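Trainee: This is the structure I want to talk about, given as structure tokens.
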Amino acid sequence: MTEIAVNFLELIEQKQWKALRDEIVQMEPYLIAEVIEELSEQDDVIVFRLLPRELAKATFQHLNHDKQEQIIEGLAQNVNKISSLLNDLDPDDRTAFFEELPGQITLRLIQLLTPEERIVATKLLGFPKDSIGRLMTPEYVAIKPHYTVEEALNHIRHFGRNSETLNVIYIVDDDWKLIDDIRIRDIILATPDQKIADLMDNRFESLNVFDDQEVAIRDFRDQDRVALPVIDNEGLLLGIVTFDDVMDVAEEESTEDFHKFGAFQDAIENPLKAKISFLYKKRVVWLTALVFMNIFSGSAIQNFEVTIQKVGGLLLFLPLIIASGGNAGAQSATLMIRSIAIGDVEPKDWLKLVGKEFLVSLLLGVTMAFGVSIIASLRAPDIVFVVASAMVLTVVTGSLIGLLLPFIFTKLKVDPATASAPLITSIADITGVLIYFSIATRYFGL
């Protein structure tokens, strides 16, 4: 436990509420959140209740979801406190919080919102899960093209206090269709009597409210923007998505893909807090499936029993051969999964990539074959050719398996990250055994 958290606990025990509050209000929200994460269920609520309204809102956004739920439960006896907190949260942060709760609890909390905020919340929650609509906030500033610069600035001063960002101002027509966006800098530097229409270039980037959130990640990376407008299919401006919200999604997606690639059923937030039974259930399915897959490796080895008995030195290099194929496949899959996820590669590109991967893996296989040949010439000179040729073929085959599996899963509309490292390794093991002992059987005329 950090020194700050220990100090907070001492003040709580001594009931020095004023001293505790004085210390808290001087801290940054993210630091307060870190301390609250360390405290017990009772102490965290005590600290949170001492926070001023604005600081409570900012701190709540930095807490993980489990701790947010604990805080809400702890404040249950104080309906006014919960109501203020939920109404003050930015709509996109509130939506993200509601998404993780059971439906009945979400409905109960929505009733604590003001009529205006309730409309916003139910509207955002009505969009498909993982859509940009769930990510956006309706808090932005829009102006009309016939405004003068002076009128636009007055409008921004009046309506911009609650806006998520003022870096970019959006321009809409009388039907609220998005027609352009302008940097606030350009408006400030223009003369007061200039028309907004004169500053427009009618070029803007936008997101569709129904698109997947991964589209937003890709667009933010390509556009280098702090915020992007969100429109519906008719071009109406519904809200904006900001860079910090997209980064949160990108982190969640990366964590999810990382867990899938490691053969976890679902992402595990914090293994320190997770129960043993929970960790067991998340890992047992894939590992059990892989056990049955590896039975094929054993069966393949058994089929070459005569070859192994005649040439005992083959077993010495078996682990090296099959491990090299699995490692090459995992490398190739990692590259492809990332490229597909961020949009650098599309399913139609698979044939071009197969040719390129074949040449790369062939060079890698020849290099590794040269190294293993030196070792084999010292330990078992009679199988140098078998080991070297098997190394080349196994590395090439493993690499192509790692390349193709993500494309196959994408074609089947399955998350390509499901092409996990253990799955690729298991397939590469089976093919490596077959390649290695098939070559040996042929070479020695068995």
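Residue numbering for the sequence shown follows this note's numbering, starting at 25 and increasing by one per position. Don't be surprised by glycine CBs; every beta carbon is placed ideally from N, CA and C. All values derive from a computational prediction rather than experimental measurement.
Since residue 204 sits in a beta bridge, which residues does DSSP pair it with?
Mentor: BP columns for residue 204 point to 195.
Trainee: By Cβ distance below 7 Å, which residues in the same chain neighbour residue 27 in space, the five residues on each side in sequence not counted?
Mentor: Same-chain partners within the cutoff: there are none.
Trainee: With a threshold of 16 other CB atoms inside 10 Å of the CB of residue 78, please say whether the residue is buried or exposed.
Mentor: Burial call: exposed.
Trainee: For residue 54, count the other beta carbons within 10 Å of its own beta carbon; 16 or more makes it buried, fewer makes it exposed. Which is it?
Mentor: Burial call: exposed.
Trainee: Between 49, 111, 66 and 59, which has its C-alpha nearest residue 88's C-alpha?
Mentor: With distances taken between Cα atoms, residue 88 lies closest to 59.
Trainee: How about residue 210 and residue 192: do their beta carbons lie closer than 7 Å?
Mentor: No; because the gap between Cβ atoms is not below 7 Å, this pair is not in contact.
Trainee: Would you list the one or two residues that DSSP bridges to residue 266?
Mentor: Bridge partners of residue 266: 251.
Trainee: Just grab the DSSP bridge partners of residue 260 for me.
Mentor: In DSSP, residue 260 forms a bridge with 201.
Trainee: Can you list, in chain order, the stretches of the alpha helix (DSSP H) that have 4 or more residues and sit fully within the region 33 to 77?
Mentor: Within the region 33 to 77, the complete alpha helix (DSSP H) runs of at least 4 residues are 41 to 48, 53 to 62 and 65 to 73.
Trainee: Skipping 5 residues on each side, what residues in its chain have a beta carbon closer than 7 Å to that of residue 164?
Mentor: Same-chain partners within the cutoff: 187, 188, 194, 263 and 264.
Trainee: Which two residues bound the contiguous alpha helix (DSSP H) that contains residue 182?
Mentor: That run of the alpha helix (DSSP H) goes 173 to 183.
Trainee: Please report the straight-line C-alpha distance between residue 406 and residue 375, rounded to a whole angstrom.
Mentor: Taking the straight line joining both Cα atoms gives about 38 Å.
Trainee: Please name the residue, chosen from 358, 431 and 382, that lies closest to residue 449 on a Cα-to-Cα basis.
Mentor: Checked all of 358, 431 and 382; the closest Cα to residue 449 is 358.
Trainee: Relative to the C-alpha of residue 417, which candidate in 402, 397 and 456 has its C-alpha closest?
Mentor: Residue 417 has its Cα closest to that of 456, out of 402, 397 and 456.
Trainee: Can you find the residues in the same chain that come closer than 7 Å, C-beta to C-beta, to residue 459, ignoring five residues on each side of it along the sequence?
Mentor: For residue 459, where only same-chain residues beyond five positions count, the Cβ hits under 7 Å are 414, 417, 418 and 421.
Trainee: In whole angstroms, give me the CA-to-CA distance for residue 378 and residue 371.
Mentor: Their backbone Cα atoms lie some 12 Å apart in a straight line.
Trainee: Roughly how many angstroms lie between the CA atoms of residue 250 and residue 269, to the nearest whole one?
Mentor: Residue 250 and residue 269: Cα-Cα distance of roughly 10 Å.
Trainee: Flag this pair as touching only if the region 223 to 232 and the region 178 to 186 have three or more C-beta atom pairs under 8 Å; answer yes or no.
Mentor: These segments do not touch.
Trainee: Can you list, in chain order, the residues of its chain with a C-beta nearer than 6 Å to that of residue 171? Leave out the 5 residues immediately preceding and following it.
Mentor: Only 220 meet the Cβ criterion.
Trainee: With DSSP as the reference, identify every bridge partner of residue 232, one or two as the case may be.
Mentor: 255, per the DSSP bridge assignment.
Trainee: Going by DSSP, what residue range makes up the alpha helix (DSSP H) through residue 409?
Mentor: 408 to 435 is the extent of the alpha helix (DSSP H) around residue 409.
Trainee: On the DSSP bridge assignment, give the partners of residue 219 in chain order.
Mentor: Answer is 172, bridged to residue 219.
Trainee: With DSSP as the reference, label residue 187 as helix, strand or coil.
Mentor: Coil at residue 187, not helix or strand.
Trainee: Give the straight-line distance between the Cα atoms of residue 285 and residue 82, rounded to the nearest whole angstrom.
Mentor: Reliability of the predicted coordinates at residue 285 is poor, the pLDDT of 48 falling under 50, and the value obtained from them is presented with this limitation in mind. Taking the straight line from one Cα to the other gives about 34 Å.
Trainee: Is the Cβ-Cβ distance between residue 110 and residue 74 less than 7 Å?
Mentor: No, the Cβ-Cβ distance between residue 110 and residue 74 is not below 7 Å.
Trainee: Which residues mark the beginning and the end of the alpha helix (DSSP H) in which residue 121 is found?
Mentor: Where residue 121 is concerned, the enclosing alpha helix (DSSP H) stretches over 115 to 123.
Trainee: Can you check whether the CB of residue 161 is closer than 7 Å to the CB of residue 216?
Mentor: No. Outside cutoff.
Trainee: What does residue 455 pair with, by DSSP beta-bridge criteria?
Mentor: Residue 455 pairs with nothing; no bridge assigned.
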